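Residue numbers (the numbering used here), protein chains in the order written: chain A, 7 to 305; chain B, 42 to 300.
Here is the structure we will look at.
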Amino acid sequence: MTEDTMTDDTMTEDTMTDDTMTDYTFAYLDEQTKRMIRRALLKAVAIPGHQVPFGSREMPLPYGWGTGGIQVTASILGRDDVLKVIDQGADDTTNAVSIRRFFARTAGVATTTHTADATIIQTRHRIPEHPLHEGQILVFQVPMPEPMSKLQPSRAETRRMHAMAEYGLMHVKLYEDITRYGHIATSYDYPVMVHGRYLMSPSPIPAFDNPKLHRSAALQLFGAGREKRIYAIPPHTDVVSLDFDDHPFRAIRAPHACALCNDATTYLDEVVTDDRGTRMYVCSDTDHCTTRVAAQEAA
Amino acid sequence: MMEDGALLAARGLELHFGAIPALDGVDADLWPGEVLAIVGESGSGKTTLLDVLSGRMRPDAGHVQVRSADGGVSDLGTMPAPALRALHRSDWGFIHQNPRDALRMRVSAGGNVGERMMAQGSRHYGSIRAAAIDWLQQVEIDPSRIDDMPGTFSGGMLQRLQIARTLVTHPRLVFMDEPTGGLDVSVQARLLDLIRTLVARLGIAVVLVTHDIAVARLLAGRIMVMQRGRVVETGLTDQVLDDPQHGYTQLLVSSVLSA
Numbered sequence: 007m008t009e010d011t012m013t014d015d016t017m018t019e020d021t022m023t024d025d026t027m028t029d030y031t032f033a034y035l036d037e038q039t040k041r042m043i044r045r046a047l048l049k050a051v052a053i054p055g056h057q058v059p060f061g062s063r064e065m066p067l068p069y070g071w072g073t074g075g076i077q078v079t080a081s082i083l084g085r086d087d088v089l090k091v092i093d094q095g096a097d098d099t100t101n102a103v104s105i106r107r108f109f110a111r112t113a114g115v116a117t118t119t120h121t122a123d124a125t126i127i128q129t130r131h132r133i134p135e136h137p138l139h140e141g142q143i144l145v146f147q148v149p150m151p152e153p154m155s156k157l158q159p160s161r162a163e164t165r166r167m168h169a170m171a172e173y174g175l176m177h178v179k180l181y182e183d184i185t186r187y188g189h190i191a192t193s194y195d196y197p198v199m200v201h202g203r204y205l206m207s208p209s210p211i212p213a214f215d216n217p218k219l220h221r222s223a224a225l226q227l228f229g230a231g232r233e234k235r236i237y238a239i240p241p242h243t244d245v246v247s248l249d250f251d252d253h254p255f256r257a258i259r260a261p262h263a264c265a266l267c268n269d270a271t272t273y274l275d276e277v278v279t280d281d282r283g284t285r286m287y288v289c290s291d292t293d294h295c296t297t298r299v300a301a302q303e304a305a
Numbered sequence: 042m043m044e045d046g047a048l049l050a051a052r053g054l055e056l057h058f059g060a061i062p063a064l065d066g067v068d069a070d071l072w073p074g075e076v077l078a079i080v081g082e083s084g085s086g087k088t089t090l091l092d093v094l095s096g097r098m099r100p101d102a103g104h105v106q107v108r109s110a111d112g113g114v115s116d117l118g119t120m121p122a123p124a125l126r127a128l129h130r131s132d133w134g135f136i137h138q139n140p141r142d143a144l145r146m147r148v149s150a151g152g153n154v155g156e157r158m159m160a161q162g163s164r165h166y167g168s169i170r171a172a173a174i175d176w177l178q179q180v181e182i183d184p185s186r187i188d189d190m191p192g193t194f195s196g197g198m199l200q201r202l203q204i205a206r207t208l209v210t211h212p213r214l215v216f217m218d219e220p221t222g223g224l225d226v227s228v229q230a231r232l233l234d235l236i237r238t239l240v241a242r243l244g245i246a247v248v249l250v251t252h253d254i255a256v257a258r259l260l261a262g263r264i265m266v267m268q269r270g271r272v273v274e275t276g277l278t279d280q281v282l283d284d285p286q287h288g289y290t291q292l293l294v295s296s297v298l299s300a
């Protein structure tokens, strides 16, 4: 029996057709691992905002580079999916390029930079500017899933607090912010309440993106590889940013227009252009910016 | 078993640490607005009794019944954990001997005082801050220190901050474990005076554990003397201390230099 026929026996009809399958299981992870992660995902979707433990695997990239997100993406990726990967909103930074290439090679799926065309978007620290539509899945890379970790170091205690919905402590943090800075100075990883029940870290996305979590049409999945936790926000779920009645939540952005596409509503990156302090503001979402620039040139 | 109007009632409490009886058939009752002192030497079971009465520890045998704010009676042993925790952060308070165990040392004084309010759902920064300022004044801390970290406070101030943090939600029952322990004598006197004034004005019931007879005499209306896990004598504080019946109580009273 040759090696090829052996492979044919054990593989499903679906995977047989692809050449890439001689080196890897489809999308790198073995089927049992993907099954385990999918079960965790199902539980996470059933209990919005609740952190579900899972057996995080060693991945061929270091912790902090998106091991959690990459495992979630590997587990939900199908042959027909179109994948987009962004890092701080950009499609062309190291992390985004290498993860996109990783899945192009190990799963052979189509990739894109256009938000509207993608079926799965893996992201680090941003939600795309283009509104997401039904059927899309947004996968977040999460460094620290526990929103109260800096206030209560004991994980046993924070689990108990989640179980009993005791979230006064998080407001103590916001109180301290206002006391020290005059306003809530938390500008990223801004804590949210999901479905009126679970306190959740939205991963280090800017507070500017928090309103996009609320009743999003897309399914939002969060994977923390080092901390071995998965959580989720199903489509159309209420997600409310914590605040005080007299200090309401504000989505903050730099008060400028993008230097390239002139959009004054997007989240901006500040780019220092020389050593005399000259700086320009450009959209952090590169796809949104290039699309707009192309449309302006065509017009 | 619980009498009408009682806030807390314990019957037949038993707790053993291996062969050592920490509680050996202890009964206790507490009425609203009453200060009950538990005195005895080290290892007599005072703190264990406090932990059992407050539901922080479970007895091997016996019951503790509590009356909630709405008048219902429930058993601590069968009370669900969320209900017990809710009781601890609203209707009850706990003052530790070491304020550093209770305070958040990386959160400002105002945040520490406001925490219980926020835990109960206060979501108005201005009113939380106003209450914090009010309570700092009540415990004689300069309100201008509201944004300072507890680490910059003296030992006596930390203990007063802990009291403010506990009383801000107007609990009906406060457990105190050696509240003046580890403080020098002049600070102790001032703190005792403060506790006495606040407790009397707010009508809080207190279970106070102390090894210091003088503290019990100053604060408590009723006293329980414990020895090796048993209550050897109980009654009105002045009665027990002026005319001790049990040999151990006589020894305890006579051992105080100038009681």
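Using N, Cα and C, we set each Cβ at its ideal position, and we do this for glycine too.
From a predicted model like this one, the values you see are computed outputs, not experimental measurements.
Exercise. Any idea if Asn268 (chain A) is buried or exposed, counting beta-carbon neighbours within 10 angstroms, 16 or more meaning buried?
Worked result: Residue 268 (chain A) sits at position 262 when you count from the first residue of the first sequence. Note on Asn268 (chain A): under 16 other CB atoms within 10 angstroms of its CB, so exposed under the neighbour-count rule.
For this session: Can you grab the Cα-Cα spacing for the pair Leu274 (chain A) / Arg157 (chain B), in whole Å?
Result: The count along the first sequence starts at 1 and reaches residue 274 (chain A) at position 268. The count along the second sequence starts at 1 and reaches residue 157 (chain B) at position 116. About 39 Å.
Exercise. Which runs of the beta strand (DSSP E) spanning at least 3 residues fall entirely within the segment 123–196 of chain A, listed in chain order?
Worked result: Qualifying beta strand (DSSP E) stretches, in chain order: 126–130 and 143–147.
Problem set entry | Ile184 (chain A) at chain B interface by Cβ criterion, 8 Å | As a first step, residue 184 (chain A) must be located in the first sequence, where it is residue number 178. Taking Cβ atoms only, chain B reaches closer than 8 Å to Ile184 (chain A), which makes this a yes.
Exercise. Is Leu249 (chain B) buried or exposed, if buried means 16 or more other CB atoms sit within 10 Å of its CB?
Worked result: The sequence position of residue 249 (chain B) within the second sequence is 208, counting from 1. Classification of Leu249 (chain B): buried, given that the 10 Å Cβ count is 16 or more.
Exercise. Going by C-alpha distance, which of B:Leu128, B:His252 and B:Leu214 is nearest Ser303 (chain B)?
Worked result: Nothing about residue 303 (chain B) can be read from this structure; chain B reaches only from 42 to 300.
Exercise. Going by Cα to Cα distance, which pick from B:Asp45, B:Gly192, B:Ala102 and B:Val256 is closest to Val114 (chain B)?
Worked result: The residue given as residue 114 (chain B) occupies position 73 in the second sequence. Taking only the C-alpha atoms, the option nearest Val114 (chain B) is B:Asp45.
For this session: Taking Pro240 (chain A) and Pro54 (chain A) to be in contact with their CB atoms under 8 Å, please state how far apart those CB atoms are, rounded to whole angstroms.
Result: Translated into positions along the first sequence, residue 240 (chain A) becomes position 234. Translated into positions along the first sequence, residue 54 (chain A) becomes position 48. Separation of the CB atoms of Pro240 (chain A) and Pro54 (chain A) is rounded to 6 Å, and the pair is thereby assigned contact status at 8 Å.
Exercise. Between Ala160 (chain B) and chain A, is there a C-beta pair that is closer than 8 Å?
Worked result: By one-based count along the second sequence, residue 160 (chain B) stands at place 119. Interface residue, yes.
Exercise. Would the segment 180–194 of chain B and the segment 195–215 of chain A be scored as touching if the rule is three or more Cβ pairs under 8 Å?
Worked result: No, they do not touch.
For this session: Taking Lys49 (chain A) as the reference, give the member of A:His139, A:Tyr237 and A:Ala230 with the closest Cα.
Result: Stepping through the first sequence from its first residue, residue 49 (chain A) is reached at position 43. Across the set A:His139, A:Tyr237 and A:Ala230, the C-alpha of A:Tyr237 shows the shortest separation from the C-alpha of Lys49 (chain A).
Problem set entry | C-beta neighbour in chain A for Ser95 (chain B), strict 8 Å | Locating residue 95 (chain B) in the second sequence gives position 54, where the first residue counts as 1. It does not: the Cβ of Ser95 (chain B) has no partner Cβ on chain A nearer than 8 Å.
Exercise. If the cut is a Cβ gap below 7 Å, which residues of chain A does Ser149 (chain B) touch?
Worked result: Taking the second sequence and counting its residues from 1, the one referred to as residue 149 (chain B) is at position 108. Simply Glu182 and Thr185.
Exercise. Looking at the C-beta of Glu172 (chain A), does it have a partner C-beta in chain B at a distance below 8 Å?
Worked result: Taking the first sequence and counting its residues from 1, one reaches residue 172 (chain A) at position 166. Answer yes: the Cβ-Cβ gap between Glu172 (chain A) and chain B drops below 8 Å somewhere.
Exercise. Just the Cα atoms here: how many angstroms apart are Leu248 (chain A) and Asp218 (chain B)?
Worked result: Taking the first sequence and counting its residues from 1, one reaches residue 248 (chain A) at position 242. Taking the second sequence and counting its residues from 1, one reaches residue 218 (chain B) at position 177. Going by the C-alpha atoms only, they are around 35 Å apart.
Exercise. Which residues in chain A sit within 8 Å of Asp188 (chain B), going by Cβ to Cβ distance?
Worked result: For this step, residue 188 (chain B) is matched to residue 147 along the second sequence. Result: Thr185 and Arg186.
For this session: Report the option in A:Val103, A:Gln94, A:Gly72 and A:Leu225 whose CA atom is closest to the CA atom of Pro137 (chain A).
Result: Position 131 of the first sequence holds residue 137 (chain A). The option with the nearest alpha carbon to Pro137 (chain A) is A:Leu225.
Problem set entry | Collapsed DSSP secondary structure at Phe32 (chain A) in the structure displayed | Here residue 32 (chain A) refers to the residue found at position 26 when the first sequence is read from its first residue. Reduced to three states, the DSSP call for Phe32 (chain A) is coil.
Exercise. Would Gly74 (chain B) count as contacting chain A if we go by Cβ distances under 8 Å?
Worked result: Locating residue 74 (chain B) in the second sequence gives position 33, where the first residue counts as 1. Not one chain A Cβ lies under 8 Å of Gly74 (chain B).
Exercise. Less than 8 Å separating the beta-carbons of Arg52 (chain B) and His104 (chain B)?
Worked result: The count along the second sequence starts at 1 and reaches residue 52 (chain B) at position 11. The count along the second sequence starts at 1 and reaches residue 104 (chain B) at position 63. Yes, these two residues count as a Cβ contact at 8 Å.
Problem set entry | Contact check, Asp68 (chain B) vs Ala47 (chain B), beta carbons under 8 Å | By 1-based counting over the second sequence, the position of residue 68 (chain B) is 27. By 1-based counting over the second sequence, the position of residue 47 (chain B) is 6. No, the Cβ-Cβ distance between Asp68 (chain B) and Ala47 (chain B) is not below 8 Å.
Problem set entry | Nonlocal neighbours in the same chain, by C-beta distance under 6 Å from Thr8 (chain A), ignoring five residues either side | As a working mapping, residue 8 (chain A) is identified with position 2 in the first sequence. Its pLDDT being 40, under 50, Thr8 (chain A) is placed unreliably in this model, and the coordinates cannot settle the point.
Problem set entry | Buried versus exposed call for Lys179 (chain A) [16 or more other C-beta atoms within 10 Å across all chains shown] | Taking the first sequence and counting its residues from 1, one reaches residue 179 (chain A) at position 173. So Lys179 (chain A) counts as buried.
Exercise. From Arg145 (chain B) to Glu163 (chain A), what distance separates their C-alpha atoms?
Worked result: Counting from 1 along the second sequence, the entry for residue 145 (chain B) is found at position 104. Counting from 1 along the first sequence, the entry for residue 163 (chain A) is found at position 157. About 15 Å.
For this session: Along the beta strand (DSSP E) that carries Tyr237 (chain A), what are the first and last residues, could you check?
Result: Your numbering for residue 237 (chain A) matches position 231 in the first sequence. Per DSSP, Tyr237 (chain A) belongs to the beta strand (DSSP E) from Arg235 to Ile239.
Problem set entry | Contact set for Ala63 (chain B): own chain, Cβ-Cβ below 6 Å, skip 5 residues either direction | Counting from 1 along the second sequence, the entry for residue 63 (chain B) is found at position 22. Closer than 6 Å at Cβ, skipping near neighbours: Leu56, Gly86, Thr89 and Gly270.
For this session: Anything in the segment 248–264 of chain A with a Cβ closer than 7 Å to a Cβ of chain B? List those residues in chain order, please.
Result: Under the 7 Å Cβ criterion, the segment 248–264 of chain A contributes Phe250, Asp251, Asp252 and His253.
Exercise. What does a CB cutoff of less than 6 Å around Glu140 (chain A) pick up in its chain, not counting 5 residues either side in sequence?
Worked result: Translated into the one-based positions of the first sequence, residue 140 (chain A) becomes position 134. Closer than 6 Å at the Cβ level, and outside the excluded window around Glu140 (chain A), lie Ala223.
For this session: Using the Cα positions of His220 (chain A) and Asp86 (chain A), report the straight-line distance between them to the nearest angstrom.
Result: Counted from its first residue, the first sequence places residue 220 (chain A) at position 214. Counted from its first residue, the first sequence places residue 86 (chain A) at position 80. Taking the straight line from one Cα to the other gives about 28 Å.
Exercise. Mind checking if Val178 (chain A) is an interface residue toward chain B, Cβ cutoff 8 Å exclusive?
Worked result: The residue you call residue 178 (chain A) lines up with position 172 of the first sequence. For Val178 (chain A), the answer is yes, since a Cβ of chain B falls inside 8 Å of its Cβ.
Exercise. Met159 (chain B) lies in the alpha helix (DSSP H); which residues open and close that run?
Worked result: Indexing the second sequence from 1 puts residue 159 (chain B) at position 118. Unbroken alpha helix (DSSP H) run through Met159 (chain B): Ala150 to Ala160.
Problem set entry | chain A within 8 Å of Ile245 (chain B), Cβ atoms only | In the second sequence, counting from the first residue as 1, residue 245 (chain B) sits at position 204. By this cut-off, Ile245 (chain B) is not an interface position.
For this session: Since I believe Val154 (chain B) is in contact with Asp205 (chain B) (beta carbons under 8 Å), could you give me their beta-carbon distance rounded to a whole number of angstroms?
Result: Taking the second sequence and counting its residues from 1, the one referred to as residue 205 (chain B) is at position 164. Taking the second sequence and counting its residues from 1, the one referred to as residue 154 (chain B) is at position 113. Correcting the residue type first, residue 205 (chain B) is Ala in the shown sequence and not Asp. Contact holds; Cβ gap of about 5 Å.
Exercise. Would you report the Cα separation of Leu202 (chain B) and Ala150 (chain B), rounded to the nearest angstrom?
Worked result: Working through the second sequence from its first residue, we reach residue 202 (chain B) at position 161. Working through the second sequence from its first residue, we reach residue 150 (chain B) at position 109. Their backbone Cα atoms lie some 7 Å apart in a straight line.
Exercise. Going along chain A, which residues have a C-beta under 7 Å from Glu44 (chain B)?
Worked result: Numbered from its first residue, the second sequence carries residue 44 (chain B) at position 3. Chain-ordered listing is empty here: chain A has no CB closer than 7 Å to the CB of Glu44 (chain B), the nearest sitting near 32 Å.
Problem set entry | Proximity test, Cβ basis, 8 Å: Glu82 (chain B) and chain A | For the purposes of this step, residue 82 (chain B) is taken as residue 41 along the second sequence, with counting starting at 1. Residue contact with chain A for Glu82 (chain B): absent (no Cβ-Cβ distance below 8 Å to any residue of chain A).
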